[in-house]
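Participant: Can you keep this structure in mind? I'll have questions shortly.
In the numbering used here, the protein residues as written are 225 to 840.
Set out below in structure tokens:
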């Protein structure tokens, strides 16, 4: 789990990006500062009324981000920024909640309106559609004090975390944060893909349900981290605000289907309660999206824990009767998911704030839930497979017993036919022996047909078959095939002068020298006919073939044959052709072109190696 520890260390580094303080005062070393001391009020109806509202009518918030729970009234927030520097500062103001709807930000210098920056979509009452926080570039003159007034309207709760950033620090922080969130989501998503791949191979529905739940957990984490509004830009605020609670509802319903596959619960009172409550829950979810986002969120936060409680109760009953590891793992997955629901209840109702550190706890719960689901369905698959194997073995044992009984009944009849069968077996064995001997003789005869009796190397019949095989290999692997054709120079003169026995000895000497120059097992030398030889070099480039041919020519030129005290010297000429095979139906191309190069060598002085194409 070293990688998980590395992720936690990275999160600690990321959460340390902002430093909270009571007073917002810039200095020369300013990088980032969380704004945890603000004033807020629901009374103002406009910027002018907010400016005129007395201090006593504002509520003071210290040491934490503004979280007003499910409050739907527009809230006005104000705080002061001091710039004691002798130069203008341009920090970035960040609203770290990507789910906010309508936002207006005003900057007042010495209590006079200086700048007004507004969410571009505010006129359409549409929420933000980027995972980046709402960013505003502030212009703070030297030695000045500015008052920032923010008006926020949101249909589902008011959680307004604020941070003041130095621009380069914000860019570095967001890069690290996006990378970290991407790794977290990728881990959960990889588990979902694993389940779906297992479903594709096994066709077991519980793999599909576990994969769908895990995939929705990754999508849910995607939205919680703020990425959903970046890549799924919806112009309908209700759909955006309702996406996270609807995902919780869908996951809960999928847990019901998965539990039925994994636990296979027996009929009981709790099972009846679970079925009826889930049916009501699903029916309500089918129509709840027609209501406001607040109604959807409240329904999800109140109804979902109750439904999950019935799931946990029925799962506990199943564990009581069948304490399998798959059932226990499913119970843990339900517990982790319920823990996240409970945390969001505290967050949405304003008892807890959602921070980067708490997001890691959410991720750990989601990741643990996904691991438990994968473990549960995998264990179930292994258990079912073992049960199937046991059933098959029992069936085989039963069939074996029946066969034994049947064999016993047929024993008398078989005793009568045993002698005849023994005779048939004896004759069959003798026939098989004769056939094997005949096959061995045929192989020996075929081997003799493939070898040259004079030199012991392969003959032309072997070359014709081997060449076709290597052509196919060359075309399939797109590797070069080289062929060398050699001919003993003035061989007729040797035969006429010293006799055919001497000529045969010369041929054997040439074949031995060629074999000595071939180092690889796939390289073959064959006697093409008379005093001609062919060397087949698979996967050999032209330069290598020319080098081998030249070595053969030089070695032969330095060799001689002694006959009756007379030393006979001789030479060879060689033609080389190399190509990647394209047409396996015309193997004669290789021998013809090598022969043309050989003929050119013979016509132009002999004792030389010529490569095809022939020089002009």
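Cβ coordinates follow ideal geometry from the N, Cα and C atoms, glycine included.
Is it buried or exposed, residue 391, if we count other Cβ atoms within 10 angstroms and call 16 or more buried?
Facilitator: Along the chain shown, one-based indexing puts residue 391 at 167. Answer is exposed; the Cβ neighbour count stays below 16.
Participant: In or out: residue 745 buried (at least 16 other Cβ within 10 Å) or exposed?
Facilitator: Looking up residue 745 in the chain shown gives position 521. It counts as exposed.
Participant: Roughly how many angstroms lie between the CA atoms of residue 253 and residue 371, to the nearest whole one?
Facilitator: In the chain shown, the residue the question calls residue 253 occupies position 29. In the chain shown, the residue the question calls residue 371 occupies position 147. Rounded to the nearest angstrom, the two C-alpha atoms are 22 angstroms apart.
Participant: Take residue 686 as the anchor and find which of 475, 623 and 750 has the nearest alpha-carbon.
Facilitator: Taking the first residue of the chain shown as position 1, residue 686 is located at position 462. When only C-alpha atoms are compared, the closest one is 750.
Participant: Could you give the first and the last residue of the continuous alpha helix (DSSP H) run that contains residue 741?
Facilitator: Here the question's residue 741 lines up with position 517 in the chain shown. Counting along the chain, the alpha helix (DSSP H) containing residue 741 begins and ends at 724 to 741.
Participant: Quick one: using the 10 Å Cβ neighbour count with 16 as the cut-off for buried, is residue 846 buried or exposed?
Facilitator: Since the first residue shown for the chain is 225 and the last is 840, residue 846 is missing from the structure and cannot be characterised.
Participant: Considering only the alpha carbon of each residue, which of 562, 530 and 486 lies closest to residue 539?
Facilitator: The residue given as residue 539 occupies position 315 in the chain shown. Closest by alpha carbon: 486.
Participant: Residue 537 to residue 364, Cα distance in whole Å?
Facilitator: Here residue 537 is taken as the residue at index 313 of the chain shown, counted from 1. Here residue 364 is taken as the residue at index 140 of the chain shown, counted from 1. Straight-line Cα distance between these residues: approximately 59 angstroms.
Participant: Quick check: the stretch 496 to 513 against the stretch 543 to 556, are there 3 or more CB pairs under 8 angstroms?
Facilitator: Too few Cβ pairs lie closer than 8 angstroms, so no.
Participant: Please report the residue range of the alpha helix (DSSP H) in which residue 508 lies.
Facilitator: Along the chain shown, read from residue 1 onward, the residue named residue 508 stands at position 284. Per DSSP, residue 508 belongs to the alpha helix (DSSP H) from 493 to 512.
Participant: I'd like the span of the beta strand (DSSP E) that includes residue 260, first residue to last.
Facilitator: Along the chain shown, one-based indexing puts residue 260 at 36. First-last for residue 260: undefined, no H or E at that position.
Participant: According to the Cβ coordinates, are residue 192 and residue 304 closer than 9 angstroms?
Facilitator: This structure gives no information on residue 192, because the portion of the chain shown stretches from 225 to 840.
Participant: Our contact map puts residue 495 next to residue 433 with C-beta atoms below 8 angstroms; I'd like the distance itself, whole angstroms only.
Facilitator: Counting from 1 along the chain shown, the entry for residue 495 is found at position 271. Counting from 1 along the chain shown, the entry for residue 433 is found at position 209. Not a contact, Cβ separation roughly 18 angstroms.
Participant: Mind reading off the beta-carbon distance from residue 430 to residue 601? Whole number of angstroms is fine, and I expect it under 8 angstroms.
Facilitator: As a working mapping, residue 430 is identified with position 206 in the chain shown. As a working mapping, residue 601 is identified with position 377 in the chain shown. Rounded, the Cβ-Cβ distance is 5 angstroms, consistent with contact.
Participant: Just to check my reading of the structure: residue 369 and residue 306 have Cβ atoms closer than 8 angstroms, yes? What is that Cβ distance to the nearest angstrom?
Facilitator: For the purposes of this step, residue 369 is identified with residue 145 of the chain shown, where counting begins at 1. For the purposes of this step, residue 306 is identified with residue 82 of the chain shown, where counting begins at 1. Going by Cβ atoms, the distance from residue 369 to residue 306 rounds to 5 angstroms, so yes, they are a contact pair.
Participant: Taking a contact to mean a Cβ-Cβ separation below 9 angstroms, would you say residue 572 touches residue 514 in this structure?
Facilitator: In the chain shown, counting from the first residue as 1, residue 572 sits at position 348. In the chain shown, counting from the first residue as 1, residue 514 sits at position 290. No, they are not a contact pair.
Participant: Rounded to whole angstroms, how far is the Cβ of residue 382 from the Cβ of residue 295, which I believe are closer than 8 angstroms?
Facilitator: Translated into positions along the chain shown, residue 382 becomes position 158. Translated into positions along the chain shown, residue 295 becomes position 71. Confirmed, Cβ separation roughly 5 angstroms.
Participant: Considering only residues of the stretch 259 to 313, which uninterrupted alpha helix (DSSP H) runs meet the minimum length of 4 residues and lie entirely inside it, listed in chain order?
Facilitator: As far as the stretch 259 to 313 is concerned, its whole alpha helix (DSSP H) runs of at least 4 residues are 271 to 276.
Participant: What number of angstroms, rounded off, separates the C-alpha of residue 591 from the C-alpha of residue 256?
Facilitator: Within the chain shown, numbered from 1, the residue matching residue 591 stands at position 367. Within the chain shown, numbered from 1, the residue matching residue 256 stands at position 32. C-alpha separation (whole angstroms): 31 angstroms.
Participant: Run the CB neighbour count on residue 709, radius 10 Å, all protein chains shown included, and call it buried at 16 or more, exposed below.
Facilitator: Within the chain shown, residue 709 is the residue found at index 485, counting from 1. That one is buried.
Participant: I'd like the span of the beta strand (DSSP E) that includes residue 750, first residue to last.
Facilitator: As a working mapping, residue 750 is identified with position 526 in the chain shown. Looking at the DSSP string, the run of the beta strand (DSSP E) that includes residue 750 is 748 to 753.
Participant: State the Cα-Cα distance for the pair residue 534 and residue 498, rounded to the nearest angstrom.
Facilitator: Along the chain shown, read from residue 1 onward, the residue named residue 534 stands at position 310. Along the chain shown, read from residue 1 onward, the residue named residue 498 stands at position 274. The straight-line gap from Cα to Cα measures roughly 5 angstroms.
Participant: According to DSSP, is residue 757 part of a helix, a strand, or is it coil?
Facilitator: Within the chain shown, residue 757 is the residue found at index 533, counting from 1. Strand.
Participant: Please report how far the alpha carbon of residue 823 lies from the alpha carbon of residue 793, in whole angstroms.
Facilitator: Position 599 of the chain shown, counted from the start, is the residue given in the question as residue 823. Position 569 of the chain shown, counted from the start, is the residue given in the question as residue 793. Cα-Cα distance, rounded: 21 angstroms.
Participant: I need the straight-line Cα distance from residue 373 to residue 445, nearest angstrom please.
Facilitator: Counting from one through the chain shown, the residue named residue 373 turns up at place 149. Counting from one through the chain shown, the residue named residue 445 turns up at place 221. Their Cα atoms are separated by approximately 32 angstroms.
Participant: In the structure shown, what three-state DSSP assignment does residue 571 receive?
Facilitator: Locating residue 571 in the chain shown gives position 347, where the first residue counts as 1. Three-state result, residue 571: helix.
Participant: Run through the DSSP bridge pairs and tell me what residue 798 is partnered with.
Facilitator: On the chain shown, position 574 is the one that residue 798 refers to. Answer is 710 and 833, bridged to residue 798.
Participant: Residues in its own chain within less than 6 angstroms of residue 553 by CB, not counting five upstream and five downstream?
Facilitator: Stepping through the chain shown from its first residue, residue 553 is reached at position 329. So the list reads 596, 599 and 600, once near-sequence residues are dropped.
Participant: Beta-carbon within less than 6 angstroms of residue 818's beta-carbon, same chain only, minus the 5 sequence neighbours each way: which residues are those?
Facilitator: Here residue 818 refers to the residue found at position 594 of the chain shown. Answer for residue 818: 707, 709, 799 and 801, listed in chain order.
Participant: Quick one: does residue 371 have its CB under 9 angstroms from some CB of chain C?
Facilitator: Reference to chain C is not applicable here, since this structure consists of a single protein chain.
Participant: Going by the CB atoms, is the gap between residue 737 and residue 780 shorter than 9 angstroms?
Facilitator: Locating residue 780 in the chain shown gives position 556, counting from the first residue. Locating residue 737 in the chain shown gives position 513, counting from the first residue. It is a contact, given that the beta carbons lie within the stated cut-off.
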